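Protein chains in written order, with full-length UniProt numbering: chain A, 1 to 230; chain B, 1 to 249.
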């Protein structure tokens, strides 16, 4: 399966991927936010979405995730999806393990414990999110995302507002988890180094005449060995 | 400094002190008897079975009205808090019912339905539903949109979402509504019984009011206050501690 050399308003039919996005337009109160935006993501591919602040990256992500349904166009989504939000978005009244098992109803205690171990949270199973540090809460959000074996992982600036050391640790952890589970991944970031390190392709949202569109060229990166290893 | 545990006991002892002082100043046990003067009458009413019978009748009405008002108020408040369109339609109704005097609703229910249990419980329920709805609506408006988004992305069923995402966020509002609900409902039940029932604490208070028997009025009133305090300590406070335990962990 190839990756389109150009991405933008004018293109042929969408490729068959884990997700196929074909947005015609998105408006907020009469103001055009997104113009025609179409792309697909192949299994195992990691796509970074970059662009200036306020251009509509998070809006696009919310449409892709199915949170925002007020738009013109079509999205073909896979059955198993997961999302890592800017904030951990955990259930503070449930224990760490119950946060996983409440979201993924069929998840056994052993599988939940395994998912927590993968993110370095062994021994924290019965603690409430409020008892965990900021970094541990982010790890728990990652564990929740990967516990459901998602076909598509969506991340909205997952390392924002972390100190440099924690951000680096989380970046490495995310990199390993993606390499191990190999979901198709779409993530928004402002940091070029994050995009280049995690992504196999970078899409850029740029201003267009009727809302933001994807830039006419995209950066492609060599598929790193650890991404192809599994 | 007394430990927190004994503060409520000391507080009630203080209230008894005020009562005794007022009784001494009044000097007429027919107007305001001493607390211990009520004991023989209380024992007599208990042993005759009259007090338990009327207490039970009132308690059943309070429970019915409480369950109905909380259920309806929770559903309506949640729906109105989540749907601005529905809120625009129902808000004027809510304002009307909030400002409708309890007595008017009680009288109308008795006139339209008759002097029976259905009318009594419906009148109390209708009086309390707007209050519960208002509190729950505020809670529903304050629901975290990020948790809502998370529930959507992970495709949680409506039941799981309601139980694990929505209701825990609404818990402080539900507890506040329940606590004020119990306090208000039993007072309205007494008025309902006073006006149109032949059993219950309100009926007995009506009876002894006509006989100008202040001690008996106080015996029946305090008996039910004691039951309500017990409900607060045995059910409401432990429930509140349970749902909020994650905050103090």
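Just so it is clear, CB atoms sit at the ideal spot from N, CA and C, and this is done for glycine as well.
All values derive from a computational prediction rather than experimental measurement.
Using the three-state DSSP reduction, which class does residue 28 (chain A) fall into: helix, strand or coil?
strand
Inspect the beta-carbon positions of residue 136 (chain B) and residue 78 (chain B) and report whether they are closer than 7 angstroms.
yes
Report the option in A:177, A:18, A:115 and A:59 whose CA atom is closest to the CA atom of residue 34 (chain A).
A:59
Where residue 49 (chain B) and residue 42 (chain B) are concerned, what is the direct C-alpha to C-alpha distance, given to the nearest angstrom?
11 angstroms
Provide the residue span of the beta strand (DSSP E) that contains residue 48 (chain A), from first to last.
46-50
Go through the stretch 115-174 of chain B residue by residue and report every complete run of the alpha helix (DSSP H) that reaches 4 residues or more, in order.
117-141 and 145-153
Cβ neighbours of residue 243 (chain B) in the same chain (closer than 6 angstroms, five flanking residues each side left out)
171
Give the range of the alpha helix (DSSP H) segment to which residue 166 (chain A) is assigned.
164-181
Could you pull out every residue in the same chain whose Cβ sits closer than 6 angstroms to the Cβ of residue 115 (chain B), ignoring the five residues on either side in sequence?
196
Should residue 220 (chain B) be labelled buried (16 or more other beta-carbon atoms within 10 Å of its own) or exposed?
buried
Indicate whether at least one CB of chain A lies closer than 7 angstroms to the CB of residue 154 (chain B).
yes
Tell me the rounded alpha-carbon separation between residue 138 (chain B) and residue 63 (chain A).
28 angstroms
Taking 7 angstroms as the limit between beta carbons, can you name the residues of its chain near residue 30 (chain B), skipping five residues before and five after?
214
Cα-Cα, which of A:214, A:38, A:87 and A:183 is closest to residue 141 (chain A)?
A:87
Give the residues from the stretch 96-109 of chain A that approach chain B closer than 8 angstroms (Cβ to any Cβ), ordered along the chain.
102, 103, 104 and 105
Taking only beta carbons into account, state which residues of the stretch 123-146 of chain A come closer than 7 angstroms to chain B, listed in chain order.
128, 130 and 131
Quick one: give me the first and last residue of the alpha helix (DSSP H) that residue 59 (chain A) is part of.
57-65
Hey, would you say residue 240 (chain B) sits closer than 7 angstroms to residue 185 (chain B), going by beta carbons?
no
How is the alpha helix (DSSP H) around residue 85 (chain B) delimited, first residue to last?
84-99
Rounded to a whole number of angstroms, what is the C-alpha to C-alpha distance between residue 61 (chain A) and residue 173 (chain B)?
33 angstroms
Sub-7 angstroms separation of residue 166 (chain A) and residue 135 (chain A) beta-carbons:
yes
Note down the Cα distance separating residue 5 (chain A) from residue 99 (chain A), rounded to an integer number of angstroms.
With a pLDDT of 33 at residue 5 (chain A), under the threshold of 50, the predicted position of this residue should be treated as unreliable, though the coordinate-derived value follows. Taking the straight line from one Cα to the other gives about 41 angstroms.
Option in A:138, A:41 and A:131 with minimal Cα separation from residue 161 (chain A):
A:138
Beta-carbon within less than 6 angstroms of residue 64 (chain B)'s beta-carbon, same chain only, minus the 5 sequence neighbours each way: which residues are those?
121
Could you pull the start and end residues of the alpha helix (DSSP H) that residue 94 (chain A) belongs to?
Residue 94 (chain A) -> no alpha helix (DSSP H), and no H or E assigned at all.
Strand pairing of residue 20 (chain A), partner residues [DSSP]
A:40 and A:76
Leaving out five residues on either side along the sequence, give the residues of the same chain with a beta carbon under 7 angstroms from the beta carbon of residue 106 (chain B).
123, 191, 192 and 195
Which bits of chain B does residue 65 (chain A) rub up against, with CB to CB less than 9 angstroms?
149, 152 and 153
So, do the stretch 89-107 of chain A and the stretch 188-205 of chain A have three or more beta carbon pairs nearer to each other than 8 angstroms?
no
Give a yes or no on whether the minimum CB-CB distance between residue 158 (chain B) and chain A is below 7 angstroms.
no
is_contact[residue 116 (chain A), chain B] using C-beta, thresh 7 angstroms:
no
Give the straight-line distance between the Cα atoms of residue 222 (chain B) and residue 18 (chain B), rounded to the nearest whole angstrom.
16 angstroms
DSSP on residue 141 (chain A), reduced to helix/strand/coil?
helix
Rounded straight-line distance, which links the Cα of residue 146 (chain A) to that of residue 13 (chain A)
Confidence is the limiting factor: at residue 13 (chain A) the pLDDT is only 38, short of 50, which leaves the residue's position unreliable, though a coordinate-based value still follows. Rounded to whole angstroms, residue 13 (chain A) to residue 146 (chain A) spans 31 angstroms at the Cα level.
Please state whether DSSP places residue 81 (chain A) in a helix, a strand or coil.
strand
Verify the CB distance criterion: does residue 112 (chain B) have a CB-CB separation below 7 angstroms to chain A?
no
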